[in-house]
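Note sheet for the following structure.
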Amino acid sequence: MITGLELKGFRGVRETSETIPLKRFNILIGRNNSGKTTVLEALSLLPSPDYQTPPHSVPRIQLITIQHHSRGDALIYGYAGTATLIYHSDLVGAEWTIDTKGNLIRNIFIPKIQTVFQDLIFYSKHVSCYYSPNLHKSIEEQLVREDVWKTVEKTKAHNYVVRDVVNPSVSDNFTEVTPHYLRDQNVWILQARREFPDGTSAYIRLSEIGDGVKRTIIPLLWFEAAKPSIVLWDDIESSMHPSLLENVLKWLLKKDWQVVISTHSIDVLYTFAEVGVEDSQVITLRKTPDDVLMHQTLSLDELRTLLESGSDPRKLAYLLELK
222 MITGLELKGF RGVRETSETI PLKRFNILIG RNNSGKTTVL EALSLLPSPD YQTPPHSVPR
282 IQLITIQHHS RGDALIYGYA GTATLIYHSD LVGAEWTIDT KGNLIRNIFI PKIQTVFQDL
342 IFYSKHVSCY YSPNLHKSIE EQLVREDVWK TVEKTKAHNY VVRDVVNPSV SDNFTEVTPH
402 YLRDQNVWIL QARREFPDGT SAYIRLSEIG DGVKRTIIPL LWFEAAKPSI VLWDDIESSM
462 HPSLLENVLK WLLKKDWQVV ISTHSIDVLY TFAEVGVEDS QVITLRKTPD DVLMHQTLSL
522 DELRTLLESG SDPRKLAYLL ELK
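Heads up: take any position in the sequence shown, counting from 1, add 221, and you land on my numbering.
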C-alpha cells in the first residue's frame with residue numbers, strides 16, 4: 222500500500238509542504254485548482270510511468286499527457302526543468318524524475334527491507350487504475366475490443382457489476398453487460414440484458430438506462446476485470462443518483478485494494494460517513510499563492526462529528542487559507 226506522496230515541480234504544484242499521508246480509503250476534497258487531480262495523476266503513474274495498463278496499449282505517462290494537449294512539458298511546473306515524484310510504501314518506496322518530454326530520466330527505489338528484488342516488489346504491489354471523466358470515452362472504446370472483452374468475461378465482471386452495483390440502484394433487473402455492434406454506424410456499444418417478471422428478456426443500450434449508470438458501469442467493469450492494487454477515481458459523483466453513489470462506495474470499500482477518489486459533492490461525504498470503514502480519511506487540499514500544496518486530514522470519526530454539527534468539511538480549505 223502507498224502510505225505517502227511527495228511532489229516537487231509536478232503539474233501546478235511547486236512542492237508539497239510535507240508528505241501527504243494515505244490510508245486504505247482516501248477522499249480528496251478542496252476548491253477548484255487545489256491539486257486533487259494532480260495528486261491522482263501522480264498516483265496514476267504507478268507502478269511505472271512506462272507501464273501499460275490494459276485496456277490501454279500506451280504508457281501511463283502518455284495517457285496523462287494526452288489529457289494535457291499531448292505536451293510533456295505540461296507535467297512540469299513552469300513548463301521547464303524536471304519534476305520529482307516520491308512514493309512512500311509499506312515495504313518499498315520509489316523516487317522518479319521526469320523531464321519536459323515526459324521521459325523518466327531517473328528511477329530510484331527506496332527499500333525499507335534489504336532485498337535485491339525491491340523493484341519487483343514495488344511493481345507487483347502498486348498497480349493502479351485511474352478513471353476520470355476525460356478518459357471515459359477512450360476507456361469505453363478499448364473495453365469493447367474483442368481481446369479486451371474476453372478478459373472482462375473471464376473475470377465475470379460483466380455479471381458482477383450489474384448484480385452488485387446496478388441492480389440495487391435501479392428498479393429493473395439486469396443480468397449482464399455485453400458489447401453490441403451497430404452496423405449502420407460502424408461502432409461498438411455496450412448494452413445490458415434486462416429480465417422481465419414473465420421470464421422474457423431484452424437488451425437495452427446503456428445510453429437508454431441513464432447517463433449516470435453508463436458512466437458508472439465503464440470504470441467498474443475496468444476495475445473489476447483489471448483487479449488493480451490501487452483504484453483512482455476523479456470526480457466520482459459525476460451524474461450519479463445518491464442511491465447509485467452509495468452502492469458504488471460500498472462496492473469500492475469491500476474490495477481488497479487501496480482507493481483514492483476526489484469529489485466536490487457533500488453527498489459523497491455524507492454517504493461515506495454512513496458506510497465508511499476504519500483506515501480511511503478525508504484529505505483537504507489547498508495551494509498557497511506560490512503553489513505549495515498543503516493538506517489537512519480528517520478521520521472518519523472527525524468527519525462524522527463535523528457533519529453532525531452541521532459544518533461543511535469542504536470549507537476547511539477556505540479556513541486553512543485564513544490561518
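Yeah, the Cβ is synthetic: ideal placement off N, Cα and C, and Gly gets one too.
Worksheet item: Around the C-beta of Phe417, are 16 or more other C-beta atoms found within 10 angstroms, so that it is buried, or is it exposed?
Response: exposed
Worksheet entry | Contact between the stretch 234-244 and the stretch 316-324 (3+ Cβ pairs under 8 Å) | no
Discussion item. To the nearest angstrom, how far is the alpha carbon of Val313 from that of Ser390?
Written reply: Annotation: Val313 to Ser390 spans about 40 Å, alpha carbon to alpha carbon.
Worksheet entry | Contacting residues, own chain, Cβ-Cβ under 6 Å from Thr237 (five flanking each side not counted) | Glu227, Leu228 and Leu514
Item to complete: Report the residue from Gly256, Gln363, Ala446 and Thr484 whose alpha carbon sits nearest the alpha carbon of Thr218.
Response: The question about residue 218 has no answer, for the chain in this structure spans 222 to 544.
Practice prompt. Classify Thr526 as buried or exposed, calling it buried when 16 or more other Cβ atoms lie within 10 Å of its own Cβ.
Written response: Thr526 should be labelled exposed.
Item to complete: Taking 8 Å as the cut-off, decide whether the C-beta atoms of Leu466 and Val434 are in contact.
Response: no
Discussion item. Taking 6 Å as the limit between beta carbons, can you name the residues of its chain near Arg327, skipping five residues before and five after?
Written reply: Thr318
Worksheet item: If you follow the beta strand (DSSP E) that Arg370 is part of, which residue opens it and which one closes it?
Response: For the record, residue 370 in the displayed sequence is Trp; it is not Arg. If you look at Trp370, you'll find it isn't in any beta strand (DSSP E); it sits in the alpha helix (DSSP H) that goes Glu367 to Lys375.
Item to complete: Quick one: measure Cβ to Cβ for Arg232 and Leu284, integer angstroms, because I've assumed they're closer than 8 Å.
Response: The Cβ separation is near 14 Å, so there is no contact.
Item to complete: Would you check if there are 3 or more beta carbon pairs closer than 8 Å linking the stretch 444-451 to the stretch 420-433?
Response: no
Worksheet item: How about Ala378 and Leu442: are their beta carbons less than 8 Å apart?
Response: yes
Discussion item. Taking the beta strand (DSSP E) that Thr274 belongs to, which residues open and close that run?
Written reply: Thr274 -> no beta strand (DSSP E), and no H or E assigned at all.
Worksheet item: How big is the Cα-Cα spacing for Glu523 and Val503?
Response: 9 Å
Practice prompt. Kindly list the residues whose CB is nearer than 6 Å to the CB of Val480, restricted to its own chain and excluding five residues on each side of it in sequence; keep chain order.
Written response: Phe246, Val452 and Leu473
Discussion item. Considering only DSSP beta bridges, list what His309 is partnered with.
Written reply: Gly225
Worksheet entry | Minimum C-alpha distance to Gln517 - residue among Gly230, Ile223, Thr224 and Leu249 | Leu249
Practice prompt. Would you tell me roughly how many angstroms separate the C-alpha atoms of Ile342 and Leu403, rounded to the nearest one?
Written response: 44 Å
Item to complete: From the DSSP output, in three-state form, read off Trp472 for me.
Response: In the structure shown, Trp472 sits in a helix (DSSP, three-state: H, G or I).
Practice prompt. Let me know if Lys544 comes out buried or exposed under the rule of 16 or more other beta-carbons within 10 Å of its beta-carbon.
Written response: With a pLDDT of 46 at Lys544, under the threshold of 50, the modelled position of this residue cannot be trusted; read the value that follows with caution. Lys544 counts as exposed, since fewer than 16 other C-beta atoms from the protein chains shown sit within 10 angstroms of its C-beta.
Worksheet item: Taking DSSP as the reference, what is the three-state secondary structure of Trp454?
Response: DSSP places Trp454 within a strand segment (E or B) once states are collapsed to three.
Fill in: Cβ distance (whole Å) where Pro534 is taken to contact Leu521 below 8 Å
12 Å between Cβ atoms; not a contact.
Discussion item. Three Cβ pairs or more, each shorter than 8 Å: is that satisfied between the stretch 301-312 and the stretch 341-357?
Written reply: yes
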